[in-house]
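Structure, as structure tokens:
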Amino acid sequence: MKIFKTAKEIIDCLVDYHYRAARLAEEAMDREQEERVEVVFNYLFEHHSDMQEALVDFEADNEGEDDVFSAEVDYGLNAGDAPEAFLSDFEMDENMEFDAVEKLGRALGDYPAEFLGNLLGELSEPNVAEAFGNLLDLERSEQRKLTRAINSLRDM
458 MKIFKTAKEI IDCLVDYHYR AARLAEEAMD REQEERVEVV FNYLFEHHSD MQEALVDFEA
518 DNEGEDDVFS AEVDYGLNAG DAPEAFLSDF EMDENMEFDA VEKLGRALGD YPAEFLGNLL
578 GELSEPNVAE AFGNLLDLER SEQRKLTRAI NSLRDM
């Protein structure tokens, strides 16, 4: 079981998730031969790199405001649901088909929103819930952009 004691630990975990997801996409992009699939991996890399940076900025912008990120949250995840376990389940084969890459991209993008949605149901501090609600809105907005970008490649 993975236990988060503070809101900052959760933010740091999401920053790490996006870092790892970006690295997975980057490694796959470097090996890929098919141009359309390589472009999807590039979108995934850019998306997760941008989200990593956005989370760092979000944390910096909210530091000191009601001490949101030092608030205790005491939130636990089963080991299999933790970001590290989720990411370790992905296999990046060489020469992946577009549909498989699209499915992988959606799963990588959906995880943070699902994680935050589940977390919100467990938070009792209104200011902490508001901060994570804003973060969930950001994740969902960026996921919609990623989905549109991937869908546009389907027609190529």
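Sequential numbering from 458 applies to the sequence shown in this note's numbering. Think of the CB as a built atom: it goes at the ideal place given N, C-alpha and C, for glycine as much as any other residue. These numbers come from a predicted model, not from an experiment.
- PHE498 and ARG477 have their C-alpha atoms roughly 13 Å apart.
- Around the beta carbon of ALA482, 16 or more other beta carbons lie within 10 angstroms, which makes this residue buried.
- Judged by their CB atoms, VAL472 and VAL530 are not nearer to each other than the 8 Å cut-off.
- For PHE547, the number of other beta carbons within 10 angstroms of its own is below 16, and it is reported as exposed.
- For LEU534, the enclosing beta strand (DSSP E) stretches over residues 529–534.
- Note on the stretch 512–598: whole beta strand (DSSP E) runs with a minimum of 3 residues are 529–534, in chain order.
- Only residues of its own chain outside the window of five on either side were considered, and among them GLU495, PHE498, ASN499 and PHE502 have a CB closer than 7 Å to the CB of MET486, listed in chain order.
- Contact between the stretch 542–560 and the stretch 581–596 is absent, with fewer than three C-beta pairs closer than 8 Å.
- Counting the other CB atoms within 10 Å of its CB gives ILE468 a total of 16 or more, which places it among the buried residues.
- When the five nearest sequence neighbours on each side are left out, the beta carbons in the same chain lying within less than 7 Å of the beta carbon of SER506 are those of ALA479, in order along the chain.
- If you draw a straight line from the Cα of ALA528 to the Cα of LYS465, it comes to about 8 Å.
- Here MET508 is near GLU599, since their CB atoms are less than 8 Å apart.
- Here LYS462 has GLU529, VAL530 and ASP531 as same chain residues with Cβ atoms under 8 Å from its own Cβ, once five neighbours each way along the sequence are excluded.
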